[in-house]
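Everything below concerns the one structure shown next.
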Amino acid sequence: SKKAGRNCVTLFKDEMATQAAELLKLERDIMKAMFRDEFYFVLQPIVDSISQKVVGAEALMRWRKGDEIISPVEFIPFLEESALIVDVGERILNKVCAFIADTKGRDLLSDGFRFAVNISAKQLARTDFIETVSRVLTKHNVDGKYLDFEITESVALNNMEDTISKILSLKKMGVGFSLDDFGTGFSSLSHLKDLPVDKLKIDRSFINDITLDKQDENLVRSIIQLSKNLGLTTVAEGVETEAQVEWLMLNGDILFQGYYYSKPIDPLKFERKYLNQEVV
Ligand code: C2E
Ligand code: CA
Ligand code: CA
Ligand code: CA
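Going letter by letter, the sequence shown gives residues 1 to 280 in my numbering.
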């Protein structure tokens, strides 16, 4: 009826107003958070399947808002939309480099140990991205060889030529590159071959069912083979069970990351637990 229709429109308008208000509040909260320096990172170990040693870690952003800890899935899309990710991303890189300098200074980092940092499309697209990274490394007196930058297929494909030239410049500083969430994007194999990345991270949605679903099993097996043929190091994300670990071990020399080994934890805890000894 007409009446119900009108009610629907009103409800819809109300909802839009609520959404707009929420977005404004989020924007204000994020500006405050930047001012108060409420963004920080946690570390999740990356484990070598053969030696069972921790060979690196991924830095994952968190937002400490009062006594709440907010997950990046709730605010990163907004940071990306508003380009604030460029600022916040640089701060996270600064913090990770400060941590590297500190642990390196106390001789806690073994050769080849790397900290992976997620880089968004907006950051990579900046013409001053290389300069920014170089400045941060210099500021903390950190060698790029302790860093891996994680980019997704869509980020890499945004502007292939530009991406490739930037990757090559950063590689000269020692920075490594990982293709994140592999399998969820739409990159063709020819693109993959052209990207000068070092690691390929199989998205956790594929790892989830490897021990249950024949198709996923075959898919992951082919990705591992593909990665190997391209001379890349394979990382399996979201490893949660012993069965998955066993399956993956039988299927190649790869790196593991997931709750089976550890959830992301505070850097101090990471240091105590994994640096110096590096045995899980
Ligand atoms: P991602 O880069 O794919 O990071 C892996 C996500 O999987 C993390 O979620 C991690 O906590 C989660 N994870 C790891 N192991 C397991 C597991 O065994 N099971 C399950 N269920 N999950 C697991 P998190 O920390 O919530 O981060 C979500 C996403 O936010 C990241 O996905 C990344 O895209 C983005 N992100 C996080 N930190 C940053 C950052 O500093 N900069 C940018 N641009 N993006 C970031
Ligand atoms: Ca990542
Ligand atoms: Ca990922
Ligand atoms: Ca993911």
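All C-beta atoms in this analysis are idealised placements derived from N, C-alpha and C, irrespective of residue type, glycine included. Fair warning: this is a prediction, and the values are worked out from it, not measured in the lab.
For residue i, tell me which candidate among the options has the shortest Cα-Cα distance.
i	options	result
Asp67	Leu226, Leu157, Glu38	Glu38
Asn276	Thr184, Asp111, Ile130, Leu232	Asp111
Asp198	Lys65, Gly185, Ile151, Arg204	Ile151
Ser190	Asp180, Leu226, Ile100	Leu226
Gly185	Lys201, Arg221, Leu137	Lys201
Phe149	Phe75, Glu15, Leu168	Leu168
Ala156	Leu195, Asp128, Val175, Met173	Leu195
Val133	Leu170, Asp14, Met249	Leu170
Asp180	Asn159, Glu153, Thr138	Glu153
Pro77	Leu230, Arg64, Glu27, Met34	Glu27
Arg221	Ser71, Gly252, Arg36	Gly252
Thr233	Glu246, Gly176, Arg135, Thr127	Gly176
Thr138	Lys269, Ile100, Asp14	Ile100
Arg126	Arg114, Asn159, Phe35	Asn159
Met31	Arg114, Phe75, Leu11	Phe75
Trp247	Asp213, Lys273, Glu161	Asp213
Report the partner residues of residue i according to the DSSP bridge assignment.
i	result
Val133	According to DSSP, which records beta bridges pairwise, Val133 is partnered with nothing at all.
Pro312	As shown, the chain starts at 1 and ends at 280. That puts residue 312 outside it, with no answer to give.
Gly176	Asp148
Thr234	Leu200
Arg36	DSSP, once it has assigned bridges, lists no residue as partnering Arg36.
Lys65	Glu68
Phe115	Ala57, Leu147
Leu255	Asp48, Val235
I'd like the list of long-range same chain contacts for residue i, defined as Cβ closer than 7 Å, with 5 residues on each side in sequence excluded.
i	result
Glu217	Ile210
Ala243	Thr211
Arg114	Gly56, Tyr146, Leu147, Asp148, Gly176
Val9	none
Gln215	none
Asp11	Residue identity differs from the one stated: residue 11 is Leu in this sequence, not Asp. Nothing meets the Cβ criterion.
Tyr274	Pro45, Val54
If residue i and residue j are in contact, beta carbons under 8 Å, what's the gap, nearest whole angstrom?
i	j	result
Leu58	Ala116	Checking the sequence, you will find Glu at residue 58 rather than Leu. Contact flag correct, Cβ pair sits at about 4 Å.
Gly238	Ile207	5 Å
Leu79	Val73	Their Cβ separation, rounded to whole angstroms, is 11 Å, which puts Leu79 and Val73 out of contact at 8 Å.
Ser120	Ile85	5 Å
Leu282	Tyr146	The question about residue 282 has no answer, for the chain in this structure spans 1 to 280.
Met249	Ser49	5 Å
Glu240	Tyr259	5 Å
Glu283	Val136	Since the displayed the chain opens at 1 and closes at 280, residue 283 lies outside it and no answer follows.
Residues in its own chain within less than 8 Å of residue i by CB, not counting five upstream and five downstream?
i	result
Val47	Lys53, Val54, Val55, Leu255, Phe256, Gln257, Tyr261, Val280
Val235	Ile46, Ser178, Lys199, Leu200, Lys201, Ile202, Ile254, Leu255, Phe256, Gln257
Lys166	Leu124, Phe129, Ile130
Gly183	Ile202, Asp203, Ser205, Phe206, Leu219, Ile223
Asp163	For the sequence presented, residue 163 should be read as Thr rather than Asp. The residues are Leu124, Ile151, Val155, Ala156, Leu157, Leu195.
Ala33	Phe39, Trp63, Lys65
Leu60	Phe41, Val42, Leu43, Gln44, Pro72, Asn118, Pro264
Lys269	none
Looking only at its chain, what residues have a beta carbon closer than 6 Å to the beta carbon of residue i, apart from the 5 residues adjacent to it on each side?
i	result
Glu278	Its pLDDT being 46, under 50, Glu278 is placed unreliably by the model, and the measurement read from it follows with that caveat. The answer, listed in chain order, is Lys53, Val54.
Ala83	Lys122
Met173	Gly144
Lys263	none
Asn118	Glu150
Leu230	none
Pro267	Leu43, Phe99
Ile70	Trp63
Lys13	none
Check your understanding: Hey, is the segment 123-143 in contact with the segment 95-112, meaning 3+ C-beta pairs nearer than 8 Å?
Key -> A contact exists between the segment 123-143 and the segment 95-112.
Review point. Between the segment 80-98 and the segment 32-52, are three or more C-beta pairs nearer than 8 Å?
Key: Here the segment 80-98 makes contact with the segment 32-52; the two share three or more CB pairs at distances below 8 Å.
Check your understanding: Below 8 Å, can you find three or more Cβ-Cβ pairs linking the segment 225-241 to the segment 17-31?
Key -> Short answer: they don't touch.
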